[in-house]
Amino acid sequence: MGLTHYPHGVASFGMPVLGMGEETMTTGNVFFVDSGAANASDGNRATSPDAPAATIDGCIAKCTANNGDIIFVMPGHDENPTSSITMDIAGVWIRGLGWGADRPTVTFGAAAACVAMSAASCRVSNIRFDLGTVAHATSQFNTIINADTSATRLVVRNNRFLTLTTDTGTTTGFELNGCDQIQIYNNLIFGNFSADAIDNDTDEILDAFVFNNIIRNTSITGECFDMDANATGIFVSNHFGGGLNYEANVTGGLTAGATAIMYSDNWMWDSTAGGGKSGGIFPVARLTS
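When we follow the working numbering, the leftmost residue of the sequence shown carries the number 20, and every step to the right adds one.
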């Protein structure tokens, strides 16, 4: 049975009516990805959930730049790409449908694979990026999201990024290279990142907005975040924790990093041996035991 009692669904100005509110209204193209569909194929037009694309990357190629195109990733979608998902078409929104265990899942199958951002004004939301339990020697991704200078106004929200917490194969969660006006909010970022969970140590980002994320880096060498000294923006209401102690994260992420970023109501949990401390990460004087 289709999404409605109407055999071909219901649309308004070409936009399928899915009962999700006005935020998803668009005059652009709408595509569907669903690995669970019997006839899923990247060769489909993918304009109907009854004949969807099989992969996210295959669907991106169908989009038109700066057209307001939306890719709906259906509940239960599960793919294991061995190459990167490349967002190289501007203005595309990849939106996962479902919640809990039904949230769409991407499990990369090669160390070099990632979400490569190289186009402006893109969004990714409600997707679970999960390493699973596979050893890094064969498939653990080195970087989850790699955004270059072309990925301005990137929005990453309401996602889960999970890697092995006891393995050192993953270097960076987000590698941000000069992509200005990005927004990263309402995400769970959890893993062992030998460099940093959020890394902007070269080619500063400007006007970044990082809000309401929970970030845990279990690495004893990497920080939760490391910003270029010339980076600007706002970090608000984030919770950080990991293998480095409180002072090391503050020294690496703040004191030696960007002084032009405003930090407000962020909290750090010190999980090192003998630690267990928590407190506001700026200023250091607010640290309590």
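By construction, the Cβ of each residue, glycine as well, lies at the ideal position given by its N, Cα and C atoms.
Assignment of beta-bridge partners to ALA65 by DSSP yields no partner. Close CB contacts of ARG122 within its chain, under the 8 Å cut and outside five residues either way in sequence, are with PRO94, GLY115, ASN145, ILE146, ARG147, ARG179 (chain order).
Per DSSP, ASP149 is one residue of the beta strand (DSSP E) stretching across 147–149. In terms of Cα proximity to ILE233, the closest of THR240, SER256, MET106, ASP245 is SER256.
Between the alpha carbons of GLY260 and MET287 lies a gap of roughly 6 Å. Listed as beta-bridge partners of MET136 by DSSP are MET106, ALA166. Distance between ASN63 and ALA72, taken at the CA atoms: about 6 Å. Within the same chain, GLU223 come within 6 Å of ASN249 by CB-CB distance, once the 5 residues on both sides are set aside. Put simply, of ALA120, VAL143, HIS258 the residue whose alpha carbon is nearest the alpha carbon of PHE209 is HIS258.
The alpha carbon of ASN236 has as its nearest neighbour, out of THR251, ALA214, PHE228, ASP226, the alpha carbon of ALA214. Approximately 5 Å separates the beta-carbon atoms of SER103 and ALA132; this is inside 8 Å, confirming the contact.
Collapsing the DSSP output to three states places CYS82 in coil.
By the neighbour-count criterion, in which 16 or more other beta carbons inside 10 Å mark a residue as buried, THR190 falls on the buried side. About 5 Å separates the Cβ atoms of VAL52 and VAL92, confirming a contact at the 8 Å cut-off.
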